[in-house]
Amino acid sequence: MGLEANFRNWQSFFRIFEVMSFVDKIQDLTPEEIQETAHRLCELPANPSRSMSLEEVTFWAGVSTGMEFCRNMDEELLDCHSADRIQAYSSLLAYSTKNAVVDLTLEQLEPTK
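All letters in the sequence shown, in the order written, are residues 14 to 126 by my numbering.
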């Protein structure tokens, strides 16, 4: 993998970690900080079709789905039992994603054999 491609992958993972960290600490933020951070995180790069990896596109699709899920909960279109099941699944997915990113990072840091 070339240095340029590797750097793009790291940028994608950095944005993913940034969003996951934001979600983890959202309860400690003011509404203004939440809005400012959300707007900054959701800005698309200048040329997304050439600069976003498939992994990053998939991740942002998940973020979008989560936002739609929250909207449906706020509007009471989704019952609590279903919401709890989806929340449990999303927690497992977040945990798995964090572990996968850590594993990929460690793999990249290991010297070539």
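Positions of the beta carbon are idealized from the N, C-alpha and C atoms, including for glycine.
Comparing C-alpha positions only, which one of the options sits nearest to residue i?
| i | options | result |
| --- | --- | --- |
| Phe82 | Asp97, Asp37 and Ile29 | Asp97 |
| Ala74 | Leu122, Leu119, Val32 and Gln121 | Val32 |
| Thr110 | Ile39, Val76, Met65 and Pro61 | Val76 |
Could you tell me if residue i is buried or exposed, where buried requires 16 or more neighbouring beta carbons within 10 angstroms of its beta carbon?
| i | result |
| --- | --- |
| Phe72 | buried |
Taking Cβ positions, are residue i and residue j nearer each other than 9 Å?
| i | j | result |
| --- | --- | --- |
| Phe35 | Ala51 | yes |
| Ile99 | Leu90 | no |
| Leu117 | Phe26 | yes |
| Ile29 | Glu56 | no |
| Ser62 | Gly79 | no |
(request) Write down every uninterrupted run of the beta strand (DSSP E) in the segment 47-118 whose length is 3 residues or greater and which is fully enclosed by it, in chain order. (result) Runs found: none.
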